[in-house]
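Each residue of the sequence shown is one higher than the last, beginning at 0 in numbering that gives the first Met the number 0.
For every residue, glycine included, the Cβ atom is placed at its ideal position computed from N, Cα and C.
Here the structure is a predicted model, which is why all the values come from computation and not from measurement.
Below: the structure, in structure tokens.
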Amino acid sequence: MARPRRTLLCRDERGQMIVLTATSLLFFFLLGLLAVNGAIAVASRTSAQRAADAGALAGCLDLPGTFPGQDPVGVARQYVESPQRNNTGGAASLHLEGRNQAVPAPQVSTTGATGANGGVLENNKITVWVRRSQRMFGITDVTVRAKAACTRQEGGAPVLHSLKNGDGSFDVEQAQLNLPRGGIVVGTRDCSPGDPRTMVVQGGATITARWIDLCTGGQPFLSQSSWINPPATHGWRCDEYGEDRPPVCRYVPEPSPDDRSLFPADYRGQCPVGSRERRRGRDIQFCEFSSGPVPPGVYPGLKLDGNVTLSGNYYLDGNGMQVLSGANVSGQDVFVFIGPDSGGTSCGSNNASVTLEQNSTFVVTPQTVGMYRDLVLFQSRRCRLQAGNNRNSFDIQGGVTMGSPDPPYGVIYLPTAHIDIGPEGTGGTQTAVNMRVIAYEIRLRGPVFFGDIWIPSGDVNHGDVKLSE
Numbered sequence: 000m001a002r003p004r005r006t007l008l009c010r011d012e013r014g015q016m017i018v019l020t021a022t023s024l025l026f027f028f029l030l031g032l033l034a035v036n037g038a039i040a041v042a043s044r045t046s047a048q049r050a051a052d053a054g055a056l057a058g059c060l061d062l063p064g065t066f067p068g069q070d071p072v073g074v075a076r077q078y079v080e081s082p083q084r085n086n087t088g089g090a091a092s093l094h095l096e097g098r099n100q101a102v103p104a105p106q107v108s109t110t111g112a113t114g115a116n117g118g119v120l121e122n123n124k125i126t127v128w129v130r131r132s133q134r135m136f137g138i139t140d141v142t143v144r145a146k147a148a149c150t151r152q153e154g155g156a157p158v159l160h161s162l163k164n165g166d167g168s169f170d171v172e173q174a175q176l177n178l179p180r181g182g183i184v185v186g187t188r189d190c191s192p193g194d195p196r197t198m199v200v201q202g203g204a205t206i207t208a209r210w211i212d213l214c215t216g217g218q219p220f221l222s223q224s225s226w227i228n229p230p231a232t233h234g235w236r237c238d239e240y241g242e243d244r245p246p247v248c249r250y251v252p253e254p255s256p257d258d259r260s261l262f263p264a265d266y267r268g269q270c271p272v273g274s275r276e277r278r279r280g281r282d283i284q285f286c287e288f289s290s291g292p293v294p295p296g297v298y299p300g301l302k303l304d305g306n307v308t309l310s311g312n313y314y315l316d317g318n319g320m321q322v323l324s325g326a327n328v329s330g331q332d333v334f335v336f337i338g339p340d341s342g343g344t345s346c347g348s349n350n351a352s353v354t355l356e357q358n359s360t361f362v363v364t365p366q367t368v369g370m371y372r373d374l375v376l377f378q379s380r381r382c383r384l385q386a387g388n389n390r391n392s393f394d395i396q397g398g399v400t401m402g403s404p405d406p407p408y409g410v411i412y413l414p415t416a417h418i419d420i421g422p423e424g425t426g427g428t429q430t431a432v433n434m435r436v437i438a439y440e441i442r443l444r445g446p447v448f449f450g451d452i453w454i455p456s457g458d459v460n461h462g463d464v465k466l467s468e
């Protein structure tokens with residue numbers, strides 16, 4: 000049988016097949032090369048973006064306003080250009096808002112042209128940009144750019160701050176405490192070594208706060224299905240009104256009862272018209288008001304009943320203040336100083352410096368300017384707690400409403416006093432507090448409600464960080 004002859008057509012088909020195969024291989028090779036380089040480019044872009052994010056966040060933490068002389072842009076550059084700093088400096092703890100992930104250490108080395116990396120600082124906002132060169136196809140250098148901006152909002156002042164370092168500083172029993180925008184500080188410096196009861200939460204009590212700071216070495220003690228959220232961290236806090244450490248802290252001096260620019264009248268020898276004198280022996284113990292305005296000035300003590308109004312400055316000389324059950328006290332621009340008896344350390348009678356009896360209301364707002372701005376109740380640092388004597392304590396009983404739910408919010412500042420808040424053992428229903436409380440010792444007993452208090456403090460430690468590209 001004769002073999003078929005190869006025609007020109009067959010030879011052309013074979014050639015076309017070879018060309019088609021070669022073309023396909025070249026196409027897939029180029030496609031793979033493009034994919035690999037594209038993946039490298041995406042990875043480089045992601046890496047650069049993470050570097051920018053970490054740098055912006057790091058710069059945010061050092062924005063001006065806390066410690067003079069810091070350079071937020073320089074801090075940001077260190078995070079961008081030094082992965083070792085990130086590995087040891089806690090970059091993994093920096094979280095991106097809205098991305099729900101930790102920032103890994105930037106794996107970039109950016110040394111290049113001047114200005115390749117940089118940042119700009121403006122109005123409490125830092126903007127960071129990162130540039131790096133990426134070689135594509137082994138031939139062309141492509142610039143990868145990433146940018147991140149971070150805005151720092153100053154933190155809120157703590158809603159509750161107990162100043163005692165050690166056992167019994169902060170005690171919560173059966174209360175459900177919720178501070179969505181506020182924080183809790185326990186102690187100011189180092190707690191007693193090994194003290195496990197700095198913060199005692201028991202009897203099914205729960206605490207939810209934006210942040211909780213304990214003095215260094217302190218630990219919370221939880222029992223009987225109690226819990227706190229978030230877990231307590233350790234930090235250093237000054238006595239906000241007792242130390243000259245701007246911008247967070249300022250020292251507030253104690254006023255003199257003889258200062259007529261603050262206290263226009265002295266009623267220690269004779270109570271004003273419209274009030275009743277309550278005496279112990281020959282001495283006036285209280286001036287009692289049951290209605291109307293209470294003139295500002297110096298008093299031996301105040302007893303308030305019915306519907307009364309406060310306005311201005313009050314100095315209580317040795318006998319403190321009692322707000323009787325069911326009384327309604329209102330007022331604006333109020334400052335009350337609780338001083339000790341002459342030459343002594345006792346600052347009240349009837350077992351407390353200040354008592355707000357059950358179902359009473361004390362809805363006053365503070366002054367917003369001047370030396371004593373923010374402070375509604377300020378007890379002298381000369382007052383001293385004594386074993387078996389509660390005369391320097393504050394007693395806020397059940398069903399009491401204290402402070403306005405709207406700003407400006409006042410501060411109760413008791414640098415040497417113990418304060419009890421809540422109905423346990425006193426009767427009444429839930430106690431509502433719309434003031435910040437700073438005291439040597441704090442105890443919450445039973446149902447206590449704190450308003451959603453947020454007061455700018457100038458402190459960036461617990462501020463908001465807003466990150467955007």
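Have a look at S392, I183, T428 and C346 and flag the residue whose alpha-carbon is nearest the alpha-carbon of Q284.
C346
Check: Is DSSP giving G338 helix, strand or coil here?
Finding: strand
Looking at the structure shown, is T22 part of a helix, part of a strand, or coil, going by DSSP?
-> helix
> When burial is assigned at 16 or more other CB atoms within 10 Å of the CB, is V272 buried or exposed?
Replying inline: By the 10 Å Cβ count, V272 comes out exposed.
message: Among the candidates A174, A231, S225 and T205, whose CA atom is the shortest distance from the CA of V185?
response: A231
Using C-beta distances below 8 Å, list every residue in its chain close to L19, excluding the 5 sequence neighbours before and after it, in chain order.
none
- Message: Between the alpha carbons of W453 and V436, how many angstroms are there, rounded?
- Response: 13 Å
Determine, using beta-carbon pairs with one atom in the stretch 395-407 and one in the stretch 358-369, whether at least three such pairs fall under 8 Å. Contact holds: three or more Cβ-Cβ distances are below 8 Å.
If we call anything under 8 Å between Cβ atoms a contact, is G379 one with G154? The identity of residue 379 in the sequence shown is Ser, whereas the question assumes Gly. Taking 8 Å as the Cβ cut-off, S379 and G154 do not qualify as a contacting pair.
| task | Please check the pair Y266 and G296, which I expect to be a contact at CB under 8 Å, by giving their CB distance rounded to whole angstroms. | result | Cβ atoms of Y266 and G296 come within 8 Å of each other, at about 5 Å.
### Task
Could you tell me how far apart the beta carbons of A174 and P446 are, in whole angstroms, since I believe they sit closer than 8 Å?
The Cβ separation is near 6 Å, so the contact holds.
Report task. Kindly give me the distance between the Cβ atoms of T197 and S168, rounded to whole angstroms, as I take these residues to be in contact under 8 Å. Result -> 6 Å
Between A351 and G319, how many whole angstroms is the CB-CB distance? I'm expecting something under 8 Å. 7 Å
ask   = What residue from G300, E242 and V199 has the CA that sits closest to P252's CA?
value = E242
key: Best match in L159, A51, Q223 and P219 for proximity to R144 [C-alpha to C-alpha]   = A51
- Pull up the distance between the alpha-carbon of H275 and that of Q331, whole angstroms please. The residue you asked about is not His; residue 275 is Arg in the sequence shown. Looking at the two C-alpha atoms, the distance is approximately 24 Å.
query: For F262, which residues does DSSP report across the bridge?
result: Beta-bridge pairing links F262 to no other residue.
query: How many angstroms separate the CA atom of L221 from the CA atom of I227?
result: 8 Å
Measuring alpha carbon to alpha carbon, tell me which residue in K146, P294 and Q223 is nearest F262. P294
- Query: With burial defined as no fewer than 16 other Cβ atoms inside 10 Å of the residue's Cβ, what is the status of R188: buried or exposed?
  - Reply: exposed
What would DSSP say about R49, mapped onto helix, strand or coil? helix
For G305, which residues of its own chain have a beta-carbon under 8 Å away from its beta-carbon, when the five flanking residues on both sides are left out? Taken in chain order, the residues that qualify are F288, S289, S290, A326 and N327.
Practice problem: Measure the beta-carbon distance from D166 to R442 and round it to whole angstroms, keeping in mind my assumption that it falls under 8 Å. | Solution: Rounded, the Cβ-Cβ distance is 13 Å, inconsistent with contact.
### Status (buried if at least 16 other CB within 10 Å, exposed otherwise) for S225
buried
Drop a sphere of 10 angstroms on the beta-carbon of R236, count the other beta-carbons inside from all chains shown, and report buried for 16 or more, exposed for fewer.
buried
**Request:** Inspect the beta-carbon positions of L315 and I337 and report whether they are closer than 8 Å.
**Result:** yes
Query raised in the report: For R244, does the count of other Cβ atoms within 10 angstroms reach 16, so buried, or fall short, so exposed?
Result: An exposed status is given to R244, since fewer than 16 other beta-carbon atoms sit within 10 Å of its beta-carbon.
Self-check item: From T430, Q429, Y439 and P407, residue whose alpha carbon lies closest to that of I418
Solution: Y439
* **Closest Cα partner of E423 within the set P219, Q357 and V158** => Q357
TODO: Whole angstroms is fine: what's the gap from V410's alpha carbon to N164's?
DONE: V410 and N164: Cα-Cα distance of roughly 21 Å.
Short Cβ contact (8 Å threshold) for V333 with F393: Taking 8 Å as the cut-off, the beta carbon of V333 is found no closer than this to the beta carbon of F393.
**Q.** Length of the line joining the Cα atoms of G343 and R277
**A.** When the Cα atoms are used, G343 and R277 turn out to be separated by approximately 21 Å.
What separation, rounded to the nearest whole angstrom, lies between the Cα atoms of K124 and R209? 23 Å
Handout entry: According to DSSP, residues forming a beta bridge with D282
Key = R279
- Task: With a 10 Å radius around its C-beta and 16 neighbouring C-beta atoms as the bar for buried, classify S260 as buried or exposed.
- Result: exposed
request  = Consult DSSP for A416 and reduce its assignment to one of helix, strand or coil.
outcome  = strand
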